[in-house]
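Peer 1: Structure provided below as structure tokens; questions to follow.
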Amino acid sequence: MFECNACTLRCLRALAAEAAVQNRRQSRLLLTPHLTIPSQRRAASTAAAPPASNQGNPYLNAAQLRHQTQGDVIPFDHDRPATEVTTFDKKALRNELEWLPDPVKFTEHVQYTLRCEKPAKALELVRLASKTRQCTVAWNHVVNYNMQRGHLRDAFAVYNEMKKRAQFPDSYTYVLLLRGLAGPRPGTSKKPRDISPEDVSKAVSLYNSMSAPNSRVKPSIMHTNAVLKVCAFGNDMDAFYGILANLPEVGAGAPDHMTYSIILNAIRRNTGYEALKDLSPRQALTKRRQAVSEARAIWREVVMKWRTGAVRMDEELVSAMARCLLVSEKLQDWDDVLSLIRQTMQIERLVPDVGSPERQIGHVPTDRQLLEAEKNEGGVDVDAEATKGEDSEASAGAAGKTPAKISTDETPDARTFEAVEPTMTTPKKYGPPPSLIHARPGQETLDVLIQTCSKMRMPKTANAYWELLIAEPFDLKPALFNFHSLIRLLLKNRSSGRVAELIQHGLAKAEAQPTFMTFMLAMQACRRNCLNPHALEHAKAIVDVMERTLSDLQIDVLSQYLDIALLSDSGPRIVDTLDRLDSCVHNLRSRITFGTDTRKMNAEDNLQDKRDTVEFFQTMIGAIDTLMNRGLVPRKDFIHWHQRRSQLNTFISHAKKYMPATEQKTEGEADEKSGLAQRPGGFTARRQAARASGKYGR
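Quick note on numbering: the UniProt record's numbering labels position 643 of the sequence shown as 643, and the sequence is numbered without any gaps.
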């Protein structure tokens with residue numbers, strides 16, 4: 001067996017391999033130093049067992065050692081910088097490029113690489129491909145990837161490198177850069193970011209560079225709309241109007257429907273709280289009126305171009321104009337929203353015009369505070385305005401005209417929203433002239449109509465518009481925010497029955513998924529209508545839907561439901577409410593004991609939720625005490641209610657053992673951790689505060 005050196009070496013290798021598997025330390029007497037050097041020839045016994053070194057590692061030949069050394073660094077690891085690419089990585093990327101000669105397939109591969117969250121690999125791919133081919137579209141995907149994630153600096157770095165590598169940007173490259181500077185699009189889940197003055201200047205300089213004589217890409221209306229959004233969101237109105245001044249009236253580059261929507265939204269944005277918070281009430285009132293007048297002038301231009309077919313009318317443009325009218329404090333401006341909808345969507349008004357004998361406006365509140373502020377600052381006299389209005393009505397009556405008729409006949413603003421006819425003409429041999437293409441109402445239109453009716457205190461009209469739009473021929477499916485807007489309007493009018501109907505049937509028909517805010521608003525409507533004997537039935541229906549649709553019940557909704565029963569002072573109603581809450585109690589007890597996985601809570605929010613639940617159980621104990629102390633239930637049922645009270649009390653005592661005691665804060669100390677410094681700590685305290693303030697009338 002040990003006749004030659006080869007046999008001895010074969011035995012030693014077998015012993016070394018077994019020791020490596022069993023994690024035993026090898027003896028230096030058996031493993032001489034020259035055995036640690038990898039052999040240049042393949043022994044016959046290497047296939048039987050893996051070779052091992054003197055440290056217990058397998059023996060490797062030269063090729064295997066090189067492969068192991070190069071493979072220690074994982075290609076495109078996220079821990080490495082994006083610019084670090086090894087020689088092995090570049091070799092692999094070159095092999096990939098050999099199999100992607102088609103530009104379309106190469107672009108799809110780059111897009112797939114970006115979807116796999118490998119931006120470094122995608123960037124190196126386009127770098128290598130730029131040496132032999134034009135791949136502008138692939139570069140655009142890399143730019144778009146960085147813009148969508150808010151990496152503006154990286155996106156512009158890729159854009160500059162793209163030009164250095166003779167990959168000339170196209171029109172879509174500039175669109176991606178300008179849209180990225182404007183922030184995420186509306187309707188996305190991403191939080192909008194603040195646009196700094198540096199972003200505005202960067203967008204304007206990029207747009208101006210496209211207008212240079214040596215530019216390969218000339219700006220189109222898409223680029224103009226994108227840079228206008230950046231200027232509007234960045235509150236740089238000088239640059240905004242400077243760009244608008246250079247636009248042609250007709251032809252290529254002329255404003256389209258998107259441009260006018262951006263202009264109207266910018267006007268409305270300048271009348272928001274942030275823009276007017278440093279102004280006096282009189283100055284804010286003046287600025288809002290100027291904004292409405294400016295929006296009306298722009299709308300006349302839009303209608304003129306719409307009649308000639310130069311501008312397309314869509315819902316976004318109509319909604320932008322309607323929201324500009326809603327920032328006003330005048331009833332006439334609010335009423336013009338209904339005329340605007342009739343003009344652009346052919347939806348007839350469901351109420352008469354303001355000023356007609358059939359229209360009653362005495363219930364609509366006026367903004368007396370702003371008028372009194374004008375009077376105190378030496379502005380318009382309120383009494384003089386009222387006297388002037390009476391004189392105008394008297395003169396109108398003498399002339400046989402109503403004030404609305406005078407306004408319609410003599411002021412251009414009143415004719416802004418009249419029905420229009422197309423001015424496009426065609427020869428007789430081509431048939432009749434084409435008709436105007438009206439906008440189709442959608443969820444934004446429904447929201448605008450509800451807000452208009454809310455300002456004018458017309459809940460019946462809002463319900464009529466709702467039923468009109470969800471029926472044929474429109475077949476509109478309201479969104480969840482439409483339900484919230486209508487419920488807020490019904491809350492003011494104490495229409496708890498209509499709210500319960502929307503929650504029970506409207507949500508399911510529209511396929512809208514309710515949230516805890518939906519049930520909070522609905523229960524507030526029932527709480528506000530607590531004097532109605534049917535309010536408790538409506539609240540019970542809302543709780544039934546909440547228990548079916550939400551995995552985690554909302555404590556505030558249940559507490560308001562119990563409040564409505566306690567305010568009724570009726571024993572049977574309180575008993576029925578407590579029996580209905582029995583299934584909710586089991587759900588809440590499980591949530592306190594085992595927690596919840598569906599709602600993402602931090603430790604402090606979870607603790608506050610447990611405290612609110614314990615307080616709710618204590619309120620239920622108080623309701624049971626009310627039943628027995630005031631004799632609202634027969635005395636023979638006291639044993640049953642004592643048992644239920646004991647069960648709740650036992651669970652409360654058990655739950656409090658595992659909750660830290662509430663810290664006693666000194667007066668004036670800010671509650672920075674929980675953010676509850678501006679409201680009472682639990683719903684019981686909030687309910688008592690609401691009762692003390694008389695918010696609900698009782």
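Positions of the beta carbon are idealized from the N, C-alpha and C atoms, including for glycine.
On the premise that L536 lies in contact with I487, defined as a C-beta separation below 8 Å, what is that separation, rounded to the nearest angstrom?
Peer 2: So it is not a contact: roughly 18 Å between Cβ atoms.
Peer 1: Drop a sphere of 10 angstroms on the beta-carbon of L449, count the other beta-carbons inside from all chains shown, and report buried for 16 or more, exposed for fewer.
Peer 2: So L449 ends up on the buried side.
Peer 1: Excluding five sequence neighbours on each side, which residues of the same chain lie with their C-beta closer than 7 Å to the C-beta of L264?
Peer 2: A295, I298, A320, M321 and C324, listed in sequence order.
Peer 1: Rounded to whole angstroms, what's the CA-CA distance from P514 to A541? Just pull it up for me.
Peer 2: 14 Å
Peer 1: Taking the C-alpha atoms as reference points, what is the distance between E472 and T445?
Peer 2: E472 and T445: Cα-Cα distance of roughly 16 Å.
Peer 1: From F481, D447 and Y172, pick the residue whose C-alpha is nearest to that of V137; which is it?
Peer 2: It is Y172.
Peer 1: Taking 6 Å as the limit between beta carbons, can you name the residues of its chain near N146, skipping five residues before and five after?
Peer 2: D154 and A155
Peer 1: Whole angstroms is fine: what's the gap from F481's alpha carbon to Q443's?
Peer 2: Looking at the two C-alpha atoms, the distance is approximately 9 Å.
Peer 1: Report the residue from K287, S196, F516 and K477 whose alpha carbon sits nearest the alpha carbon of G506.
Peer 2: K477
Peer 1: Which whole-angstrom value is the C-beta distance of L244 and A203, which I expect to be below 8 Å?
Peer 2: L244 to A203, Cβ: 15 Å. No contact.
Peer 1: Which ranges would you report for the alpha helix (DSSP H) in the region 196-232 if only whole runs of at least 4 residues count?
Peer 2: 197-210
Peer 1: Based on Cα-Cα distance, which residue from C231, N606, D353 and P441 lies nearest to I592?
Peer 2: The residue with the shortest Cα to Cα distance from I592 is N606.
Peer 1: Using beta-carbon positions only, say whether L176 and V143 come within less than 7 Å of one another.
Peer 2: yes
Peer 1: Return the CA-CA distance between G622 and F519, expressed in angstroms with no decimal places.
Peer 2: 24 Å
Peer 1: Can you tell me where the alpha helix (DSSP H) with Q647 in it begins and where it stops?
Peer 2: F638 to K657
Peer 1: I'd like the list of long-range same chain contacts for L279, defined as Cβ closer than 6 Å, with 5 residues on each side in sequence excluded.
Peer 2: If you ignore the 5 residues before and after L279, its C-beta comes within less than 6 Å of no other C-beta in its own chain.
Peer 1: Let me know the secondary structure DSSP gives M237 once reduced to three states.
Peer 2: Reduced to three states, the DSSP call for M237 is helix.
Peer 1: Applying the criterion that 16 or more other CB atoms from any shown protein chain within 10 Å of the CB defines a buried residue, is V126 buried or exposed?
Peer 2: buried
Peer 1: For A512 and I503, what's the separation of their Cα atoms in angstroms?
Peer 2: Whole-angstrom Cα-Cα distance: 10 Å.
Peer 1: Using a Cβ-Cβ cutoff of less than 6 Å, which residues in the same chain neighbour residue 706 once the five nearest sequence positions on both sides are dropped?
Peer 2: This structure gives no information on residue 706, because the portion of the chain shown stretches from 1 to 698.
Peer 1: If you draw a straight line from the C-alpha of P459 to the C-alpha of Q360, how long is it?
Peer 2: 14 Å
Peer 1: For Q524, which option in P197, S495 and P572 has the closest C-alpha, if you only look at C-alpha atoms?
Peer 2: S495
Peer 1: CA-CA distance, K131 and V158?
Peer 2: 16 Å
Peer 1: In three-state DSSP terms, what is T8?
Peer 2: The answer is helix: DSSP assigns T8 an H, G or I state.
Peer 1: Quick one: using the 10 Å Cβ neighbour count with 16 as the cut-off for buried, is H642 buried or exposed?
Peer 2: Within 10 angstroms of the beta-carbon of H642 lie fewer than 16 other beta-carbons, which makes it exposed.
Peer 1: Count the other CB atoms within 10 Å of the CB of C530; is the residue buried (16 or more) or exposed (fewer)?
Peer 2: buried
Peer 1: Starting from the C-beta of A252, find all residues in its chain whose C-beta is less than 6 Å away, skip the five residues before and the five after it, and write them out in chain order.
Peer 2: none
Peer 1: Helix, strand or coil: how does DSSP classify C526 here?
Peer 2: helix
Peer 1: Measure the alpha-carbon distance for L326 versus K509 and round it to whole angstroms.
Peer 2: 30 Å
Peer 1: Is H363 near the ligand ADP, judged by its Cβ being under 6 Å from some heavy atom?
Peer 2: This structure lacks the ligand ADP; in fact it carries no ligand of any kind.
Peer 1: Restricting to Cα atoms, I'd like to know which of P169, W139, P184 and H141 is closest to G150.
Peer 2: P184
Peer 1: If you check the beta carbons only, do V633 and G595 fall under 7 Å apart?
Peer 2: no
Peer 1: Where does E358 sit, in a helix, a strand or coil, going by DSSP?
Peer 2: coil
Peer 1: Buried or exposed: which applies to E574, given that a residue is buried once 16 or more other Cβ atoms fall within 10 Å of its Cβ?
Peer 2: Position check: residue 574 holds Ile in this sequence, whereas Glu was assumed. Flag for I574 reads buried.
Peer 1: Compare the Cα-Cα distances from R342 to each of H257, P533 and H438 and report the closest residue.
Peer 2: That would be H438, whose Cα lies nearest to the Cα of R342.
Peer 1: Would you kindly work out how many angstroms separate the C-alpha atoms of R440 and Y561, rounded to a whole number?
Peer 2: 40 Å
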